[in-house]
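Asks: Handing you this structure, nothing more for now.
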Amino acid sequence: METEGKTDHAAIWKKMEEQVDAGRTKTIGLSNYTMAQIQTVLKSARIKPANLQVELHVYLQQPALVDFCKKNGITVVAYCPLGSPGYNNFLKSLGQEPKELPDILADPVVAKIAKKHSKTPAQISKDETETAAAINAALEAGYRHIDTAYRYENEKIIGKVLKEWFASGKLKREDVFITTKLPLHAVHPDRVEPFMKKSLKNLGLDYVDLYLIHFPIGFKYDEGTEKLKINEKGEIETEGKTDHAAIWKKMEEQVDAGRAKTIGLSNYTIAQIQTVLKSARIKPANLQVEIHVYFQQHPLVDFCHKNGITVVAYSPLGSPGYNKFLKNMGQEPKELPDILADPVVGKIAKKHSKTPAQVVLRFLIQRGLAPIPKSVTPKRLQENINVFDFVLDDGDFKELLKLDLGEKGRVCDFKLFKGIQNHPDFPVKG
Ligand SMILES: NC(=O)c1ccc[n+]([C@@H]2O[C@H](COP(=O)([O-])OP(=O)(O)OC[C@H]3O[C@@H](n4cnc5c(N)ncnc54)[C@H](OP(=O)(O)O)[C@@H]3O)[C@@H](O)[C@H]2O)c1
7 METEGKTDHA AIWKKMEEQV DAGRTKTIGL SNYTMAQIQT VLKSARIKPA NLQVELHVYL
67 QQPALVDFCK KNGITVVAYC PLGSPGYNNF LKSLGQEPKE LPDILADPVV AKIAKKHSKT
127 PAQISKDETE TAAAINAALE AGYRHIDTAY RYENEKIIGK VLKEWFASGK LKREDVFITT
187 KLPLHAVHPD RVEPFMKKSL KNLGLDYVDL YLIHFPIGFK YDEGTEKLKI NEKGEIETEG
247 KTDHAAIWKK MEEQVDAGRA KTIGLSNYTI AQIQTVLKSA RIKPANLQVE IHVYFQQHPL
307 VDFCHKNGIT VVAYSPLGSP GYNKFLKNMG QEPKELPDIL ADPVVGKIAK KHSKTPAQVV
367 LRFLIQRGLA PIPKSVTPKR LQENINVFDF VLDDGDFKEL LKLDLGEKGR VCDFKLFKGI
427 QNHPDFPVKG
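Read in order, the letters of the sequence shown correspond to residues 7 to 436 in our numbering.
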């Protein structure tokens, strides 16, 4: 093949820009460019590339390239998202020999996840690419605490990204704090150890820094598919009254065995924590519950702090994406509080030249809590960690305290699990 020699990226890009000026195309972009080549284009560009189109699928996730594009405001189109199973036909049409192709759609991990969700392997791979890019962007931005759960089905991809960071020498295991959780269908003394081991295997780790019981109620499940059992009334089948002492004993054994550095609880009430404390040899190190300016949970936080239990605030922004989650679960959307549009939050944000998200996160930090905001957007990941260079004064703090709506402010009420409201351990009142 004869080429035109070394490519003059700047000159070609100038001509691309002229196509926008002339109105022949709305945007211009690149395909199959490396990071260095994109940087060369960016240096001389008057109109930045809007898009990069590259091969991207579960076997070729290109996290560094994706992250670079996101940071530079370049959207990424993933071509061959299924691994191009027809690629050999294309080679044949060019008179070329076929080559050995990766068979993503026959990958046992993809197939297992597909079966679990009653989806095809082709429908599964997108989420993993997004999660990998988000974890890479978060680690680049300086996040060191990753909150996952067996139930979130992202432990494997998180483990894979961590493995790459450890192998590159950019991070050591002890630099990160990994939390995962005993799923709802394993809240049973016999299931703590096997599910702890499953999570470690998924994550590719020898230990987690914190292992939490995700919820104070155990659900029945089908061992093959791990789907929750539903009775003829459409209600979730539970394991009955939870034996907190017996389950906690098994959690303590995970610390003894070195599988968890610390253990804790999630979505537990004061009464339930008291029950655990009564029999505990190793005290819960942490409670993870929903907390934000509209749902401040002062009595629960005070109780934990008095008992030396740290508190992690989940949904710290009020979970603006909660309806997407409900939709994925086949549920009706619900009306959500819009914390980030609250005028009081907005006023305080303006005063400190910060964003509403930064103000509500800072409020939680100044309350002695650890907020865990979630984002797949690199710009927001940066925004949400950039909260250590300002302090809310007493006036701001008092105004934010007044925004508490109590139970009415709760977003994550677990009522999507039909029938569990009547369970004696259901932790949501009201
Ligand atoms: N233990 C439990 O039972 C439990 C329950 C719920 C959640 N959690 C944990 O808590 C984490 C966070 O909770 P969450 O996702 O419910 O709520 P959240 O962190 O309050 O809200 C996340 C949503 O806010 C958006 N967002 C993030 N930063 C933003 C910003 N600066 N400005 C505007 N929007 C922003 C995100 O969108 P993009 O991603 O599109 O940027 C996403 O839709 C979860 O990831 C999970 O680890 C635990």
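For each residue, glycine too, the CB sits at the ideal point set by N, CA and C.
Could you check whether the Cβ of Cys-310 sits closer than 6 Å to any heavy atom belonging to ligand 1?
Replies: If you number the sequence shown from 1, residue 310 lands on position 304. Because no heavy atom of ligand 1 lies under 6 Å away, the Cβ of Cys-310 does not count as near it: no.
Asks: Report the residue from Gly-336, Ile-297, Thr-316 whose alpha carbon sits nearest the alpha carbon of Ser-325.
Replies: Translated into positions along the sequence shown, residue 325 becomes position 319. Nearest of Gly-336, Ile-297, Thr-316 to Ser-325, Cα basis: Ile-297.
Asks: Under 8 Å Cβ to Cβ from Gln-260, same chain only, skipping five residues before and after it: list those, please.
Replies: The residue labelled residue 260 in the question sits at position 254 within the sequence shown. Cβ-Cβ distances below 8 Å link Gln-260 to Val-198, Glu-199, Met-202, Tyr-217, Ala-266, Ile-269 in the same chain, with the five nearest sequence neighbours on each side left out; the list follows chain order.
Asks: Just reading off the beta strand (DSSP E) that Lys-42 is part of, what are its end residues?
Replies: Within the sequence shown, numbered from 1, the residue matching residue 42 stands at position 36. Inspection of the sequence shows that residue 42 is occupied by Ala rather than by Lys. No beta strand (DSSP E) holds Ala-42; the alpha helix (DSSP H) holding it covers 41-50.
Asks: Give the straight-line distance between the Cα atoms of Gly-210 and Glu-161, rounded to the nearest whole angstrom.
Replies: Within the sequence shown, numbered from 1, the residue matching residue 210 stands at position 204. Within the sequence shown, numbered from 1, the residue matching residue 161 stands at position 155. Rounded to whole angstroms, Gly-210 to Glu-161 spans 9 Å at the Cα level.
Asks: How far does the beta strand (DSSP E) with Thr-281 in it reach, from first residue to last?
Replies: In the sequence shown, residue 281 corresponds to position 275, counting from 1. No beta strand (DSSP E) contains Thr-281, which is instead part of the alpha helix (DSSP H) from 276-285.
Asks: Based on the DSSP output, what are the partners of Tyr-300 in its beta bridges?
Replies: Indexing the sequence shown from 1 puts residue 300 at position 294. Note: Tyr-300 sits in no beta bridge, so no partner.
Asks: Cutting at 7 Å between CB atoms, please list the residues of its own chain near Thr-126, excluding the five before and the five after it.
Replies: Stepping through the sequence shown from its first residue, residue 126 is reached at position 120. The answer, listed in chain order, is Ala-120.
Asks: For Lys-49, collect the residues of the same chain with a Cβ closer than 8 Å to its Cβ; drop the 5 residues on either side in sequence, then sort them by chain order.
Replies: Position 43 of the sequence shown, counted from the start, is the residue given in the question as residue 49. Answer for Lys-49: Ala-16, listed in chain order.
Asks: Smallest Cα separation from Glu-341: which of Lys-408, Gly-415, Phe-172?
Replies: The residue labelled residue 341 in the question sits at position 335 within the sequence shown. Per the Cα distances, Gly-415.
Asks: For Thr-185, which beta-bridge partners are listed by DSSP?
Replies: As a working note, residue 185 is residue 179 in the sequence shown. Under DSSP, the beta-bridge partners assigned to Thr-185 are Asp-153, Leu-216.
Asks: Run through DSSP, which three-state label would Glu-114 get?
Replies: Here residue 114 refers to the residue found at position 108 of the sequence shown. Looking at the sequence itself, residue 114 is Pro, so the reference to Glu does not match. Note: Pro-114 maps to helix in three-state DSSP.
Asks: Extract the residue ranges of the alpha helix (DSSP H) inside the segment 341-418, only unbroken runs of 4 or more that lie entirely within it.
Replies: 349-357, 362-372, 384-391, 400-407
Asks: Does the pairing of the segment 273-280 with the segment 425-436 give three or more beta-carbon distances under 8 Å?
Replies: Enough Cβ pairs lie closer than 8 Å, so yes.
Asks: What did DSSP end up calling Leu-323 once you bin it into helix, strand or coil?
Replies: For this step, residue 323 is matched to residue 317 along the sequence shown. Here Leu-323 sits in coil by DSSP.
Asks: Pairs of beta-carbons, one from the segment 403-412 and one from the segment 159-173, closer than 8 Å: are there three or more?
Replies: no
Asks: Could you check where the beta strand (DSSP E) with Leu-58 kicks off and where it finishes?
Replies: Looking up residue 58 in the sequence shown gives position 52. From DSSP, the beta strand (DSSP E) with Leu-58 extends over 57-61.
Asks: Between the Cα of Glu-243 and those of Asn-329, Glu-258, Phe-225, Ile-345, spot the shortest distance and give me the residue it belongs to.
Replies: Here the question's residue 243 lines up with position 237 in the sequence shown. Of the candidates Asn-329, Glu-258, Phe-225, Ile-345, the one whose C-alpha sits nearest the C-alpha of Glu-243 is Phe-225.
Asks: Can you list, in chain order, the residues of its chain whose CB lies under 8 Å from that of Cys-418, leaving out five sequence neighbours each side?
Replies: If you number the sequence shown from 1, residue 418 lands on position 412. Cβ within range, chain order: Glu-296, Tyr-320, Ser-321, Ser-325, Tyr-328.
Asks: Kindly list the residues whose CB is nearer than 7 Å to the CB of Phe-221, restricted to its own chain and excluding five residues on each side of it in sequence; keep chain order.
Replies: By one-based count along the sequence shown, residue 221 stands at place 215. Cβ neighbours of Phe-221 within its own chain (closer than 7 Å, five residues either side excluded): Leu-190, Val-193, Ser-272, Asn-273.
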